[in-house]
Structures are given as C-alpha cells and as structure tokens.
Amino acid sequence: MARDKGSQSFWMMITSFFVISMVLAQESLQFVYYSLGKADLFADGMTTIEDDRRLKLTNSSMRATGHAFIRTPISFINTSPYFSTEFVVVIIAEDKNTETRKRIFSKTNDNRTDNHILAVELDTNKNPEALENSDNHSENTSYFDDTTRMNRTMVLRNSERIHAWIKYDGDQKWLNVTLAPFGTPKPSFPLLSIPVDLSKIFKEQIYFGFSGSTSVLTSHQYVLGWSLSIGGKAQSLDIAKVLDLPHHQPSPPLTQVQVIIISVISAVVLLVILSGIMYVYFNNKYAEEFKQWEQEYSPKRFSFRTLYRATRGFKENRVLGVRGFRKEHSSVLGYCRIKGKFLLVYVYMKNGSVSGYLLHGNSLSWSQRVHIVKGVASALHYLHEGWVQVILHRDIKGSNVLLDENLNGKLGDFGIATTTRI
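Residues -25 to -1, 1 to 397, numbered by mature numbering (1 follows the signal peptide of the UniProt record, and there is no 0), are exactly what the sequence shown covers, in order.
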C-alpha cells in the first residue's frame, strides 16, 4: 500500500482515517481481543501497542503511516468464502473542526488490476483531489437508529469510540458495512450494502489488519477491541470489556487562573527587561569623564546625576533665566562636565538678575545699588588680579549681575569670557 503524499488543499490538510485491509495471503481463524497486546500482529511505521493493550496506529508525526496485520495468512479460496469482523476504534484529531480523509492508493497505483486489496475506509466526504472520483466510493458516515427508524449522522473526529461491523457472504457475494456510536446496539440496516465478488479480487491467501496515516495535520488513531471469524459469524464484542479512551486527549483550553498566572509572569518578565534597558540608558546618560587638570587643581565638581536630581531633571520651573543660548538653573556652586559639555553651577540667586528684579516692579535704593556695584567690582578684581591668568568677562550688564536674598551682587554668565596675560 502506498501512503498519501500530502494534502492538496486546506480541506485535505488533516488526514485521519481508519481502514481494514485484506491483502494476499490457515484455513480458518476466529478470535476476540480486548487487549491488542495479546494479538500476534506484524506492525510497522508509527504503529505501537500502548500500555500493552491499545493498538495505536498514528501519533503526532506528520506525513507518516502505520500498519498492523495478523501475521498468519488465511486461505480464502479453499474455505467457505465467508468472514465476519467487528471492532471498536477512536480517532482523536488535533483539530476537530478539520475534515478527515485519507486514501491507501497513490496516483501511480490507483485502478491497477494487480491491487488485491479490499479497504473499508471511514471517511467524511468525497474528495476528488484525493482520487475519490465518484460518489459511490463511500456513504455518508451515519447509522440507522432503530428507535426513530431514521439515519443519524456520525462525526468520526470527535474523539468518541465507534463500533464497526463488516460481513461478507461469499455465496451471495454481498458485503455489508455497519457503523454505530459505541454502546449503541447494532443497527438493523447497514450503512453500506453492495454486491461484490471478492474471489475476483483476492489471491489464494489473505491478511487481515488495519492501516492509518497522517499528513500536515495529525491525529491519534486507536483500535480498542477486535473480533474476527473466518467461515462464520464473529463473536460479539462485550462492551463492558472494551478499553476506555486513552487518557491523552487534546489539551483543554486554559483556565482563568492559568491565564492570570501566565499574564502576571509575562508582565514581570517584561518589567525586568524594561528595567534593565532603563538602567543601561541612565548609566550611559550620567557617564562622566575626567581630565588631568581637574585632578591637579581639584575644583568643586558635581556629578551630572546630582545636578539632574537637584534641578528635578532641568525642568522649566527651575530656570532662573536665559542667557543667549544658555539656561541658568538654581543649584549649588561648582561645575559639571559631561560628553564634552560644561555646566556651571552658581550659588542660588533668589532675586535673579538686576534687570529682572527691576522689571518685576521692585526698586533699589542708592545704598543698595552701591552695595551691588561693590560686589561686581570685587568680582572683577578677582578676575583681573586674583588668578594666574587675567580673565576678561567682556559682557557686564544688568542681566548678568545676579542678586542673592540679601541683594549682594554676583557676576555671572561667563559665556564669552576669555583669558589673557599682562
């Protein structure tokens, strides 16, 4: 048997099917298995015996097959050409909303006369792309309800157990296939009843078994009980002895508690990542550099972090005034150098500049004005005489003379100052 090469469209993406196949191959045989681990089976592909009881044909592997056949061949020609079998299967699809379908022939061996195979395939609908070229390849999956006397549709992919009966009468040359939900008595009327002469299909010996396969989407396909008789009616399965569904059903949706836990953990992880990014960012922002002259003269230097906090991030409401392209913030005496730029730190001048003080409607007496001028003169004397180099301010005006809370004059804004030697 050749396996499917893959789905050709969305509706073919999940390939979940169940087949009983008879191929080439004891003259009589009868058995009942409720634990398939006891059966003498030849298995290949994905097929395993789960818990030494359930025959599992497929798993989560994509584009793979699994087969399981009775090792002993049966003589079909030399015995009464009559057989009967019943079994319980379950198909657990990864996506229950996807159609399930499959084929056991490929495009290269379909309709060939040397195919000695009878396959009863549990499928959902006709699919021309899968070489199911006519409506008589199967019947709609349903069963006859003896209570209502009506046919009821069955869903193969809903992870529920399905009971199947297959009987062939060689004298009448008639094949019957019957399906029903597990636990439902065998319906009076079969799902499929067709005339067929299997002696023209089979060779002298045949094998009985199962086949399963997957494509892009996957499913778990199990046989949970099997009864077979050659030359007579198969013993009915005792539903009390048939195995339960396997425990590994598709994962249920997340509960509300699980969603909350996952959300909280995700938020914490995100917060940690953001904290790390902010830490690196501010470390780089506050990074400082030192020059040799700073170590020699040891002037009062403040870290950028200190100034940033003292001025509350250099906010506009902390600005004392604007000098050209520079802003003056209230802080303490000293300086800061960061990324090649200097920040000069003045003593806090509560009354701002002389110009600003007067513009706000304040007045200065003559004695106060003389006191302010003396302060400016003292500053200029220091610049001209008190340092190794002469410092020329070059921009003395009312807006550059600052007043503290006692109206002491302080010379500020050295933006265009220069040094010279005399």
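The beta-carbon is built from N, C-alpha and C at its ideal position, and this holds for glycine as well. Note that the structure is predicted; figures quoted are calculated from it, not measured.
If residue i sits next to residue j, beta carbons under 8 Å apart, how far is it from one beta carbon to the other, in whole angstroms?
| i | j | result |
| --- | --- | --- |
| Ala139 | Phe44 | Contact flag wrong, Cβ pair sits at about 17 Å. |
| residue 408 | Val171 | As displayed, the chain neither begins before -25 nor continues past 397, which places residue 408 out of reach and without an answer. |
| Leu358 | Asn375 | Between Asn375 and Leu358 the Cβ distance is about 13 Å, and since that is not below 8 Å, they are no contact. |
| Gly350 | Asn383 | 5 Å |
| Gly12 | Asp27 | 4 Å |
| Met324 | Leu377 | 4 Å |
| Asp144 | Tyr57 | 6 Å |
| Leu249 | Arg29 | About 50 Å separates the two Cβ atoms, so there is no contact after all. |
| Thr395 | Val348 | Not quite, the Cβ-Cβ distance comes to about 24 Å (not below 8 Å), so this is no contact. |
| residue 412 | Thr230 | One cannot answer for residue 412 here, as it falls past the ends of the chain, which runs -25 to 397. |
Out of the options, state which residue places its alpha-carbon closest to the alpha-carbon of residue i.
| i | options | result |
| --- | --- | --- |
| Gly187 | Leu245, Thr33, Asp219, Asp146 | Thr33 |
| Asn151 | Phe177, Ser59, Leu131 | Ser59 |
| Leu131 | Val65, Phe257, Val351 | Val65 |
| Ser174 | Asp146, Ala155, Thr193 | Asp146 |
| Thr393 | Gln233, Ile248, Arg29, His368 | His368 |
| Glu25 | Asp388, Tyr254, Val345, Leu220 | Leu220 |
| Ala14 | Leu199, Met129, Ser36 | Leu199 |
| Ile313 | Asp120, Thr193, Tyr323, Thr281 | Thr281 |
| Lys31 | Ile67, Asn258, Val345, Thr159 | Ile67 |
| Met37 | Ser190, His346, Ser50, Asp144 | Ser190 |
| Leu318 | Asp388, Gly251, Tyr256, Gly327 | Asp388 |
| Asn381 | Gln364, Ser328, Ser168, Val320 | Ser328 |
| Phe164 | Leu339, Ile141, Phe177, His335 | Ile141 |
| Phe185 | Ala354, Gly336, Arg46, Arg344 | Arg46 |
| residue 400 | His195, Tyr283, Phe257 | This structure cannot speak to residue 400, because the chain is shown only from -25 to 397. |
| Ile176 | Phe6, Val239, Met129, Ala94 | Ala94 |
Are residue i and residue j closer than 8 Å when you measure CB to CB?
| i | j | result |
| --- | --- | --- |
| Tyr118 | Leu166 | yes |
| Phe183 | Leu203 | yes |
| Phe157 | Arg127 | no |
| Ser330 | Gly373 | yes |
| Leu16 | Ile205 | no |
| Tyr8 | Lys216 | no |
| Ile49 | Gln180 | yes |
| Asn326 | Asp370 | no |
| Pro160 | Thr153 | no |
| Val320 | Cys311 | yes |
task = Starting from the N-terminal side, write out each stretch of the beta strand (DSSP E) that is 3 residues or longer and does not extend beyond the stretch 304 to 382.
result = 309 to 313, 316 to 320, 365 to 367, 376 to 378
key: Inside the stretch 154 to 219 only - beta strand (DSSP E) runs reaching at least 3 residues   = 167 to 170, 180 to 188, 194 to 205
query = Mind pulling the beta strand (DSSP E) runs of 3 or more residues that sit fully within the stretch 115 to 152?
reply = Runs of the beta strand (DSSP E) inside the stretch 115 to 152: 117 to 120, 125 to 128, 137 to 144.
ask   = At what residue ranges does the stretch 9 to 60 contain a whole run of the beta strand (DSSP E), taking only runs of 3 or more?
value = 16 to 20, 23 to 25, 29 to 31, 40 to 45
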